[in-house]
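Peer 1: With UniProt numbering applied, the sequence shown corresponds to residues 1 to 317, in that order.
Cβ atoms here follow ideal geometry from the backbone N, Cα and C, with glycine treated the same way.
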Amino acid sequence: MAQSTPAQNKEFLTGRLLVVAFEGWNDAGEAATGAVRLLKEQLDMAEIIDIDSEDFFDYQFNRPTSEFDDDGQRILVWPNATMHGPAAATAVPEQLATDAGLAVTSSNTSNVYLLIGTEPSRNWKRFTNEVLNVAVDAGVSGIVFLGAMLADVPHTRPISIYSTSENAEVRSELDIERSTYEGPVGILSVLADSAEQLGIPTISLWASVPHYVHNAPSPKATLALVDRLEELIDVVIPRGDLVEEATAWETGIDALAGEDEEMASYIQQLEQARDTVDSPEASGEAIAQEFERYLRKRGDGAPPAPGSAGPAEPWRP
Numbered sequence: 001m002a003q004s005t006p007a008q009n010k011e012f013l014t015g016r017l018l019v020v021a022f023e024g025w026n027d028a029g030e031a032a033t034g035a036v037r038l039l040k041e042q043l044d045m046a047e048i049i050d051i052d053s054e055d056f057f058d059y060q061f062n063r064p065t066s067e068f069d070d071d072g073q074r075i076l077v078w079p080n081a082t083m084h085g086p087a088a089a090t091a092v093p094e095q096l097a098t099d100a101g102l103a104v105t106s107s108n109t110s111n112v113y114l115l116i117g118t119e120p121s122r123n124w125k126r127f128t129n130e131v132l133n134v135a136v137d138a139g140v141s142g143i144v145f146l147g148a149m150l151a152d153v154p155h156t157r158p159i160s161i162y163s164t165s166e167n168a169e170v171r172s173e174l175d176i177e178r179s180t181y182e183g184p185v186g187i188l189s190v191l192a193d194s195a196e197q198l199g200i201p202t203i204s205l206w207a208s209v210p211h212y213v214h215n216a217p218s219p220k221a222t223l224a225l226v227d228r229l230e231e232l233i234d235v236v237i238p239r240g241d242l243v244e245e246a247t248a249w250e251t252g253i254d255a256l257a258g259e260d261e262e263m264a265s266y267i268q269q270l271e272q273a274r275d276t277v278d279s280p281e282a283s284g285e286a287i288a289q290e291f292e293r294y295l296r297k298r299g300d301g302a303p304p305a306p307g308s309a310g311p312a313e314p315w316r317p
């Protein structure tokens with residue numbers, strides 16, 4: 001792996017940031033990948049590299065899909081991971097900006113890079129090396145990892161976002177916590193560990209998705225991740241139709257619950273439990289406990305099919 005590191009003495013939020021999400025184990029309700037896809041659609045992005053899937057995916061586990069392209073031709077779409085960067089070369093080089101006395105901040109969308117794909121099945125160390133080599137070459141100085149977990153939370157309340165970092169300076173700068181979790185991890189944790197060893201600080205943002213609607217995408221969770229991401233990196237992110245989709249998602253679940261007394265009663269219990277958590281301190285602790293319980297239980301179950309909102313059987317959140 002390349003041993004060069006980004007320029008020192010650069011605050012996390014004012015650098016060139018890579019936002020990362022993967023389908024599968026880390027992506028309940030497709031919330032995390034949905035957030036990165038929204039960024040890709042709304043910002044002016046271009047592909048930097050498409051990582052060769054032959055080296056990292058088991059095609060019996062992550063199968064290619066048959067689709068029709070815009071011209072009506074049948075094509076095969078293979079599982080992959082792709083990094084995107086600013087399409088227009090408008091970013092001001094750091095040294096030039098320093099010499100000119102300019103403030104280079106992440107309000108400039110030309111400082112945002114994206115990595116999205118299916119969680120690889122094998123060769124994670126080599127995959128990590130390849131990703132981080134490209135990130136270093138692009139001048140990435142910080143990485144934000146997005147994930148989503150199934151949890152005992154009601155769809156009628158705001159989606160909780162659990163923010164953590166292993167980097168002490170980032171925790172101090174952004175007033176976030178360090179995770180106390182110990183147990184099985186996904187590719188996000190592997191990338192984060194290697195990035196920190198390279199000197200690239202990282203943040204992880206996880207959304208809590210209601211487990212009783214795991215078979216469908218959760219635009220409300222995607223919206224919560226986008227809101228938190230925008231707050232952290234100080235970039236204005238156009239929402240497109242996401243707000244309307246989140247409202248329609250919640251309304252649709254309300255309608256289902258209105259026809260199912262057992263479901264309605266269960267949701268009411270979740271609402272009461274959530275509403276007892278009044279203070280920000282208690283809320284943070286509750287979210288942390290839910291996050292760690294989810295990850296420990298996920299360690300003994302098979303990951304869901306790539307790109308799916310959840311498996312046919314319970315996902316053991």
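(1) Could you compute how far the alpha carbon of G252 sits from the alpha carbon of E231?
(2) Taking just the CA atoms, how far does I116 sit from A31?
(3) Do the CB positions of E119 and F22 come within less than 7 Å of each other?
(4) Between which residues of its own chain and Q197 is the CB-CB distance below 8 Å, once the five residues before and five after are set aside?
(5) How would you call F145, buried or exposed, if buried means at least 16 neighbouring beta carbons within 10 angstroms?
(6) Any idea what DSSP makes of D55, helix, strand or coil?
(7) Looking at A28 and M149, is the spacing between their C-beta atoms short of 7 Å?
(8) What are the uninterrupted segments assigned as beta strand (DSSP E) that are 3 or more residues long and contained completely in the stretch 17-91, given in chain order?
(9) What do you reckon, are the CB atoms on S163 and I176 nearer than 7 Å?
(10) From which residue to which residue does the alpha helix (DSSP H) around Y266 run?
(11) May I have the straight-line CA-CA distance separating V153 from Q268, to the nearest angstrom?
(12) Could you tell me the distance, in whole angstroms, from the CA atom of L13 to the CA atom of V226?
(13) Give me, in chain order, the residues of the same chain whose beta-carbon lies closer than 8 Å to that of I75; leave out the 5 immediate sequence neighbours on both sides.
(14) Locate the beta strand (DSSP E) running through residue 318, then write down its first and last residues.
(15) Quick one: measure Cβ to Cβ for H155 and P210, integer angstroms, because I've assumed they're closer than 8 Å.
(16) To test your reading of the DSSP string, which unbroken alpha helix (DSSP H) runs of 4 or more residues are found completely within the stretch 125-189?
(17) When you compare the stretch 41-53 with the stretch 233-242, are there three or more beta-carbon pairs, one atom per stretch, that lie closer than 8 Å?
(18) Hey, how far is the Cα of A246 from the Cα of K220?
(19) I233 by DSSP, collapsed to three states: which one?
Peer 2: Taking the coordinates as given:
(1) 28 Å
(2) 12 Å
(3) yes
(4) none
(5) buried
(6) helix
(7) yes
(8) 17-23, 45-51, 65-68, 74-77, 81-86
(9) yes
(10) 261-275
(11) 10 Å
(12) 16 Å
(13) S66, E67, F68, D69
(14) Absent from the model: residue 318. The displayed extent of the chain is 1 to 317, so no value can be given.
(15) 5 Å
(16) 168-174
(17) yes
(18) 4 Å
(19) helix
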